[in-house]
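Below is one structure, written out as structure tokens; comments come after it.
Numbering (the UniProt record's numbering), first residue to last: 1 to 158.
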């Protein structure tokens, strides 16, 4: 149908105003929407590109033998992700001990996690290139219609 025709219809028919945002979003997505065949292939790659998230989740939640730490109260706490989050909020806890124990356990799996992260990044690069985005940052911000200047502004402040 094309952008010109859709914009003309929006001007000519007031009842279409309720659909203006959705229609403009479709137009905004047009440069990144591919042929039906390519879209079908991309849909089938979603399991591949989401694999690093699945691997990380299983690894972090089921495979890592998380240590227990004894708090100054005498209570023991499993130092998994939830336990770490709880411990760093407690006023009477030695944060250094909690930090070193928790992140020391992650360090033991540095190579494995590096491989998972590399695969995740490669998937993001693939999506960026196939969807015709200039950068991975622009692709990541695209769905929320957020300009890259937001990130560059935060980077300058940080």
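Cβ atoms here follow ideal geometry from the backbone N, Cα and C, with glycine treated the same way.
Under DSSP, residue 68 shares a beta bridge with 78.
Secondary structure at residue 131: coil, using DSSP grouped into helix, strand and coil. Rounded to the nearest whole angstrom, the CA to CA distance from residue 96 to residue 84 is 12 Å. The DSSP-derived three-state label of residue 94 is coil. Rounded to the nearest whole angstrom, the C-alpha separation of residue 77 and residue 93 is 11 Å. For residue 60, no alpha helix (DSSP H) encloses it, and the DSSP letter there is neither H nor E. Between residue 34 and residue 23, the gap from beta carbon to beta carbon reaches 9 Å or more. In this chain, the alpha helix (DSSP H) harbouring residue 9 covers 3-12.
Residue environment analysis places residue 31 among the exposed positions, since fewer than 16 neighbouring C-beta atoms fall within 10 angstroms of its C-beta.
The DSSP-derived three-state label of residue 145 is coil.
Residue 108 sits in coil when the DSSP states are folded into three classes, being neither helix nor strand.
Rounded to the nearest whole angstrom, the C-alpha separation of residue 141 and residue 149 is 10 Å.
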